[in-house]
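S.K.: Pasting in a structure now, in structure tokens, and then I'll have a few things to ask.
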Amino acid sequence: VLGTNRKIDFDEVFLPHLDAAYNLARWLTRDPADADDVVQESFMRAFRFSAGFQGGDSRSWLLKIVRNTCYTWLRKNRSRETSYELDEEQHEAVSGDPEAILQENIDRQFLRKLLEGLPPEFREVIVLRDIEGLSYKEISSVTELPLGTVMSRLARARKRLQADAARATQSGVLG
Amino acid sequence: MNCEDAKPLLDSFADGELDLVNHVQVEAHVDECLRCDHIYRNRAVLKNALADEILYFRAPSELRSRIRLSLSESQTRSPITRLLKWRWMPAFATAAILTAVLLTTFAIYRDRAVDSENLLANEMVSAHIRSMMVGDTHLMDVPSTDQHTVKPWFEGKLDFSPPVADLSQQGFTLIGGRLDYAGGRAVAALVYQRRQHVINLFVFPNQETGANGERLLVKQGFNIVHWTRSGMTFWAVSDLNAAELQEFAADLQS
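Protein chains in written order, with this note's numbering: chain A, 1 to 175; chain Z, 176 to 429.
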């Protein structure tokens with residue numbers, strides 16, 4: 001809970017999560033300048049709402065605001081990207097084929113392009129888990145999704161990413 | 176545990192997010208199932224690749240400074256804090272003090288004016304009641320219906336000469352005059368009558384030169400009309416109804 005000197009307390013509690021905020025915003029907007037704007041707006045919002053912060057996990061609290069700000073921003077500026085409804089089952093491609101073996105030394109910039117190509121709902125769970133290192137519980141708190149949904153969505157997101165990687169490798173796009 | 180049960184749990188297993196029972200069971204299954212072990216290994220490779228520092232976007236230092244600046248600005252930018260900013264304080268304080276002084280002065284002035292009128296009205300009513308008391312012979316020092324008898328009578332008794340009007344034509348009969356004391360000074364009291372109602376008209380000089388309109392007051396059941404004219408203040412007090420008392424006042428001023 002923030003004390004009487006709100007500004008100093010706010011800086012101490014939330015500024016350490018600036019990188020986490022920027023990383024998420026950057027992955028969701030896929031543009032450095034847009035990420036700058038979204039993060040700055042998120043911090044202003046967080047500051048305004050900080051009276052409602054009841055203590056506890058300040059990183060998740062901040063990331064929730066960043067995520068909401070990102071989606072508001074995306075709806076306003078790139079409505080095309082969030083226009084489709086994510087069907088949880090649609091991506092459950094029942095394939096009898098075993099997954100292609102992922103190369104240990106997969107090119108990181110290639111991987112980045114693949115991840116950026118995922119729908120934001122898939123992208124965000126991978127970013128929060130594998131890049132930011134949040135627990136399922138923390139992801140559930142940031143995305144406001146039930147724990148079970150976080151679990152299944154993460155599995156589908158990785159499967160999709162893995163399949164995209166295999167397809168690109170097979171068609172020689174790797175580079 | 177078979178593949179059907181294990182497959183949905185492989186990611187959580189790779190993430191170390193399974194409870195102990197499930198973890199042990201999936202681990203055992205992966206040990207003996209090549210297909211699930213293959214998926215699990217793929218997840219481990221993917222996770223390892225994603226954890227690469229290259230894929231973590233750190234905030235530029237300019238953004239950090241910009242946010243710090245915005246935060247300190249947003250502290251001072253709220254309307255209230257902006258109004259209370261130090262540089263505006265002297266102006267605000269001065270304005271506030273001036274307003275307070277003006278309001279207080281006005282209130283005191285107004286209250287004093289109202290108070291002095293009230294105080295004087297009370298004295299007039301007391302004088303009127305005293306003059307009417309049974310057995311009191313002081314209603315009139317000079318019982319006379321003749322203004323030319325009453326007016327000279329005041330000479331030498333007062334430092335002013337009260338106007339004495341004959342209003343018998345208008346139905347207000349002059350029945351006499353006397354000296355009285357009100358408002359800290361000797362005043363002329365002219366006694367008129369209409370039917371059974373006695374009217375005490377108190378007259379004394381006033382510093383104000385202009386004419387003040389009639390004011391009608393009611394105290395202790397008596398009607399009071401007072402006005403100022405040509406440096407004289409007039410107070411008419413009676414149990415006569417207000418309309419007739421105002422008629423009396425109007426006749427005196429015409």
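Using N, Cα and C, we set each Cβ at its ideal position, and we do this for glycine too.
How would you list, in chain order, the residues of chain A whose beta-carbon sits under 7 Å from the beta-carbon of Z/D227?
M.R.: What Z/D227 touches in chain A: R108.
S.K.: What ranges does the beta strand (DSSP E) occupy inside the segment 312 to 359 of chain Z, keeping only unbroken runs of at least 3 residues that lie completely in it?
M.R.: Fully enclosed beta strand (DSSP E) runs of 3 or longer: 348 to 357.
S.K.: Please check if any C-beta of chain Z sits within less than 8 Å of the C-beta of A/A155.
M.R.: Cβ-Cβ to chain Z under 8 Å: yes for A/A155.
S.K.: With a cut-off of 8 Å on the beta carbons, I'd call Z/A361 and Z/G352 a contact; round off their distance for me.
M.R.: Z/A361 to Z/G352, Cβ: 13 Å. No contact.
S.K.: Run through DSSP, which three-state label would A/Y22 get?
M.R.: Of the three classes helix, strand and coil, the one that applies to A/Y22 here is helix, per DSSP.
S.K.: With H, G and I counted as helix, E and B as strand and the rest as coil, what does DSSP make of A/G117?
M.R.: The answer is coil: DSSP assigns A/G117 none of H, G, I, E or B.
S.K.: Pair every Cβ in the segment 319 to 330 of chain Z with every Cβ in the segment 285 to 302 of chain Z, then say whether three or more of these pairs are closer than 8 Å.
M.R.: No: the two stretches stay apart, fewer than three of their Cβ pairs being nearer than 8 Å.
S.K.: Compare the beta carbon distance of Z/A189 and Z/A226 with 8 Å and say whether it is the shorter of the two.
M.R.: No, Cβ-Cβ distance for Z/A189 and Z/A226 is not below 8 Å.
S.K.: Taking Cβ to Cβ, would you say Z/L221 is nearer than 8 Å to A/Q162?
M.R.: Result yes, Cβ atoms of Z/L221 and A/Q162 sit closer than 8 Å.
S.K.: Which residue or residues does DSSP assign as beta-bridge partners of Z/P131?
M.R.: This structure cannot speak to residue 131 of chain Z, because chain Z is shown only from 176 to 429.
S.K.: Once you ignore the five residues that flank A/K137 on each side, which residues in its own chain have a CB closer than 8 Å to its CB?
M.R.: Closer than 8 Å at the Cβ level, and outside the excluded window around A/K137, lie L147.
S.K.: Along the segment 231 to 244 of chain Z, where does the CB come closer than 9 Å to a CB of chain A? Name the residues.
M.R.: From the segment 231 to 244 of chain Z, only Y231, F232, R233, A234, P235, E237, L238, R239, R241, I242 and R243 have a Cβ closer than 9 Å to chain A.
S.K.: Using a threshold of 8 Å, state whether the C-beta atoms of A/E121 and A/A20 are closer than that.
M.R.: Contact: no.
S.K.: On the criterion of 16 or more Cβ atoms from any shown chain inside 10 Å, does Z/C178 qualify as buried, or is it exposed?
M.R.: With fewer than 16 Cβ atoms within 10 Å of its Cβ, Z/C178 is classed as exposed.
S.K.: Just checking A/Y136 against the ligand HEM - is the residue's beta carbon closer than 7 Å to any of the ligand's heavy atoms?
M.R.: As far as ligands go, the structure on display features none, and thus does not contain the ligand HEM.
S.K.: Under 8 Å between the Cβ atoms of Z/T403 and Z/F379?
M.R.: No, they are not a contact pair.
S.K.: Is there a C-beta anywhere in chain Z that falls below 8 Å from the one on A/G96?
M.R.: Only weak support exists for where A/G96 lies, its pLDDT of 48 falling under 50; the value from the coordinates is given anyway. False, the Cβ-Cβ gap to chain Z never drops below 8 Å.
S.K.: For the segment 186 to 218 of chain Z, which residues have a CB atom closer than 9 Å to at least one CB atom of chain A, in sequence order?
M.R.: Within the segment 186 to 218 of chain Z, the qualifying residues are D186, S187, A189, D190, E192, L209, R210, H213, I214, R216, N217 and R218.
S.K.: Does the beta-carbon distance from A/R26 to Z/L230 come in below 8 Å?
M.R.: It is not a contact, given that the beta carbons lie outside the stated cut-off.
S.K.: Using 10 angstroms around the beta-carbon of Z/I272, count the other beta-carbons present and answer buried if the total reaches 16, otherwise exposed.
M.R.: Exposed, by the Cβ-count rule.
S.K.: Contact between the segment 66 to 75 of chain A and the segment 30 to 40 of chain A: three or more CB pairs below 8 Å?
M.R.: Yes: the two stretches touch, three or more of their Cβ pairs being nearer than 8 Å.
S.K.: Under 8 Å between beta-carbons, which chain Z residues line up against A/V256? List them in chain order, please.
M.R.: Since the first and last residues shown for chain A are 1 and 175, residue 256 of chain A lies out of range.
S.K.: With a threshold of 8 Å between beta carbons, is Z/A181 in contact with chain A?
M.R.: Z/A181 does not count as touching chain A.
S.K.: What is the rounded straight-line gap between the Cα of Z/R216 and the Cα of Z/E228?
M.R.: Roughly 21 Å between the two C-alpha positions.
S.K.: Could you tell me which residues DSSP puts in a beta bridge with Z/H372?
M.R.: Beta-bridge pairing links Z/H372 to Z/R369.
S.K.: Quick check on A/S95: does DSSP put it in helix, strand or coil?
M.R.: Low confidence applies to A/S95: its pLDDT is 49, below 50, so where it sits in the model is not reliable, and the reading given next is rough at best. A/S95: coil per DSSP, three-state reduction.
S.K.: What do you reckon, are the CB atoms on Z/Q421 and Z/V400 nearer than 8 Å?
M.R.: Cβ distance < 8 Å, so Z/Q421 and Z/V400 count as in contact.
S.K.: With a threshold of 8 Å between beta-carbons, can Z/S291 be considered close to chain A, or not?
M.R.: Cβ-Cβ to chain A under 8 Å: no for Z/S291.
S.K.: Quick check on DSSP: helix, strand or coil for Z/E389?
M.R.: Z/E389 falls in the strand class under three-state DSSP.
S.K.: Using a Cβ-Cβ cut-off of 8 Å (strictly less than) and excluding sequence neighbours within five positions of A/R123, which residues of its own chain qualify?
M.R.: Around A/R123: W27, L28, L115, E116 and A157.
S.K.: Which residues in chain Z sit within 7 Å of A/D11, going by Cβ to Cβ distance?
M.R.: Near A/D11 (Cβ distances below 7 Å), the residues of chain Z are L246.
S.K.: Which residues in chain A sit within 7 Å of Z/V220, going by Cβ to Cβ distance?
M.R.: Ordered by position in chain A, the residues that pass the 7 Å Cβ test against Z/V220 are L102 and E104.
S.K.: Please confirm if A/D19 has its CB atom under 8 Å from at least one CB of chain Z.
M.R.: Chain Z, which has a Cβ nearer than 8 Å to the Cβ of A/D19, makes this yes.
S.K.: Report the three-state DSSP secondary structure of A/G175 (helix, strand or coil).
M.R.: With a pLDDT of 39 at A/G175, under the threshold of 50, the modelled position of this residue cannot be trusted, and the question is left open.
S.K.: Where A/S140 and Z/A266 are concerned, what is the direct C-alpha to C-alpha distance, given to the nearest angstrom?
M.R.: Approximately 53 Å between the Cα atoms of the pair.
S.K.: Does any residue of chain Z have a CB that is nearer than 8 Å to the CB of A/L128?
M.R.: No, because no Cβ of chain Z sits closer than 8 Å to the Cβ of A/L128.
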